Amino acid sequence: MDQRNEVRSLADIIDSQSLSGKTLICTDSDSDSIEEDDDSSTELDIGLAASNLTLSADNQLTYTRQYYGMQSIATLRVLDVLINVLEYQACASDAKLLMFAAAAHSDGYRSNLVPVPSIFMGDVFYDIDELRRIVSSWPSSHRLLKSLSCNYRINHLADTDISHIHLLHWILVWQAYPSLRRVDGGELRWLCKKMNLKRPLLNPGYILQVSYKDDPRCYWKSASPHAYFGCPLHFLYRLLIMRDTPSPMHLYELPELAAAQCSDTNCSGWMHSRFGRAPRCLVICQLVDHYEIRLQEHGQPEFVVHDPSCVRVRYLLFYSGVKKRIELPLNFASRLDYNNSHMDNKAKTKRSGNNRTLFRIARWLKKHALKLIHRQSPVS
Numbered sequence: 001m002d003q004r005n006e007v008r009s010l011a012d013i014i015d016s017q018s019l020s021g022k023t024l025i026c027t028d029s030d031s032d033s034i035e036e037d038d039d040s041s042t043e044l045d046i047g048l049a050a051s052n053l054t055l056s057a058d059n060q061l062t063y064t065r066q067y068y069g070m071q072s073i074a075t076l077r078v079l080d081v082l083i084n085v086l087e088y089q090a091c092a093s094d095a096k097l098l099m100f101a102a103a104a105h106s107d108g109y110r111s112n113l114v115p116v117p118s119i120f121m122g123d124v125f126y127d128i129d130e131l132r133r134i135v136s137s138w139p140s141s142h143r144l145l146k147s148l149s150c151n152y153r154i155n156h157l158a159d160t161d162i163s164h165i166h167l168l169h170w171i172l173v174w175q176a177y178p179s180l181r182r183v184d185g186g187e188l189r190w191l192c193k194k195m196n197l198k199r200p201l202l203n204p205g206y207i208l209q210v211s212y213k214d215d216p217r218c219y220w221k222s223a224s225p226h227a228y229f230g231c232p233l234h235f236l237y238r239l240l241i242m243r244d245t246p247s248p249m250h251l252y253e254l255p256e257l258a259a260a261q262c263s264d265t266n267c268s269g270w271m272h273s274r275f276g277r278a279p280r281c282l283v284i285c286q287l288v289d290h291y292e293i294r295l296q297e298h299g300q301p302e303f304v305v306h307d308p309s310c311v312r313v314r315y316l317l318f319y320s321g322v323k324k325r326i327e328l329p330l331n332f333a334s335r336l337d338y339n340n341s342h343m344d345n346k347a348k349t350k351r352s353g354n355n356r357t358l359f360r361i362a363r364w365l366k367k368h369a370l371k372l373i374h375r376q377s378p379v380s
């Protein structure tokens, strides 16, 4: 008997016996049973329908937290997968939780928190207060892993713990793509060289590679340009999952120009992230098609994209320091000229040093040549 039949039989037992005397399953008028998924769906069925990726209330079967509390077998399987993800993909899991928390705590959460878990979404309202309360209570990912590992040995979990576990599973496992992978900071120079980008003046604290299921294998060979996008943290969740932004994207070749867009200093809502309370993120994007090029005052190009689906996110550069460390310098307009003049002065100094060396060599050769001529000349 497969897992779905096991869950359905468990639901029938709960529905018939009604151990707690409360309604354990709330069904809509249009649906009477769980729809069967195809074989390509995920192995774990935790009661989240595919329509969770939209903002409209789904017409599928709606599960209450009491029902989750009775699904001991399914919950333990969910918990097992969740522990593995937190253990072997710690940095990527931390980034996903941070982006979700920032979107949930933003003022425009209705447009930023897309998609939203269906268990916190009603027909005409969001249970945003409960969602924010849960997100604010998250410990660090390391302590979260320890806590879940302890709960794994408990047969009976509270309903509150069940809802927390399924929310974490929905964020980290249910949305498998895009996948995030940590990249060593020493590879930043090589990556910028491959993408024909200028390297940031300050190295980021963390670098994450973003991969989608439909990405081509050899996208390095593509002639599409790459650019930096200074994405506010509360927009990043929607950009990665939905490939959409509420406003046009402005990308730059210089990372300092893109970093000036990260003007939001609000806390993400999760106080224990390894990236800091208010980190900033530079996004390296590949411009596939339909972008407009504008020249700035400094002669640097600006890429304007009105359709974010034409942009592929490749890397995330996280900075956990204060704003002044990565913000646009006040004398940025003259920084390029200063660097060029500084390089010219170094070249002139090097050339003058080479000239002095050549002069010494010529003087030494002349001196020894005169001695040799004097020795070979006949004595009168």
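Per full-length UniProt numbering, the sequence shown starts with residue 1, numbered consecutively.
For every residue, glycine included, the Cβ atom is placed at its ideal position computed from N, Cα and C.
This one's a predicted model, so the numbers in the text were calculated from it and none came from an experiment.
Taking Cβ positions, are residue i and residue j nearer each other than 8 Å?
| i | j | result |
| --- | --- | --- |
| L201 | A102 | no |
| R244 | P204 | Note that residue 244 corresponds to Asp in the displayed sequence, not to Arg. The answer is no: Cβ separation not under 8 Å. |
| V283 | V304 | no |
| L191 | V210 | no |
| Y228 | A258 | yes |
| L208 | L86 | no |
| R77 | A104 | no |
| Y319 | P279 | yes |
| R189 | A92 | no |
| L148 | I83 | yes |
| P246 | S118 | no |
| W270 | V81 | no |
Can you tell me which of the options puts its alpha carbon nearest to the alpha carbon of residue i?
| i | options | result |
| --- | --- | --- |
| V173 | A369, A258 and A90 | A90 |
| H272 | R360, L240, W138 and P279 | W138 |
| D214 | S179, S247, A223 and D184 | S179 |
| E253 | K198, D184, M242 and L82 | K198 |
| Q175 | L148, M242, S136 and E130 | M242 |
| Q286 | I293, Q300 and V311 | V311 |
| I128 | H142, Y237 and Y109 | Y109 |
| K194 | A223, Q376, L167 and H169 | A223 |
| H250 | E292, R277, I165 and I373 | E292 |
| C262 | H166, L97, G230 and S140 | G230 |
| V116 | Q376, L168 and L144 | L168 |
| P248 | E302, S140, R356 and Q376 | E302 |
| T75 | D161, C281 and E130 | D161 |
| S140 | L365, M121, P225 and G276 | G276 |
| L79 | E130, E297, L144 and Y206 | L144 |
| H290 | H306, E297 and D184 | H306 |
| F235 | P225, S268, Y212 and H298 | S268 |
| C281 | V183, I373 and Y206 | Y206 |
| Y177 | G185, R294, Y212 and P225 | Y212 |
Rounded C-beta distance between residue i and residue j? I'm assuming under 8 Å.
| i | j | result |
| --- | --- | --- |
| R274 | D94 | 5 Å |
| L97 | Y237 | That belief does not hold up - the Cβ atoms of L97 and Y237 are roughly 10 Å apart, past 8 Å. |
| F100 | I165 | Not really, about 15 Å apart at Cβ, beyond 8 Å. |
Name, in chain order, the residues that DSSP records as bridge partners for residue i.
| i | result |
| --- | --- |
| F229 | V283 |
| F318 | Y206 and C281 |
| F235 | Partner(s): none; F235 has no beta bridge. |
| H250 | V304 |
| I293 | F303 |
| R312 | Q286 |
| V78 | Note: V78 sits in no beta bridge, so no partner. |
| Y177 | Partner(s): none; Y177 has no beta bridge. |
| V183 | I207 |
Would the C-beta of residue i count as close to the ligand NAD, meaning under 7 Å from any of its heavy atoms?
| i | result |
| --- | --- |
| R360 | Of the ligands one can find in the structure shown there are none, so the ligand NAD has no counterpart to examine. |
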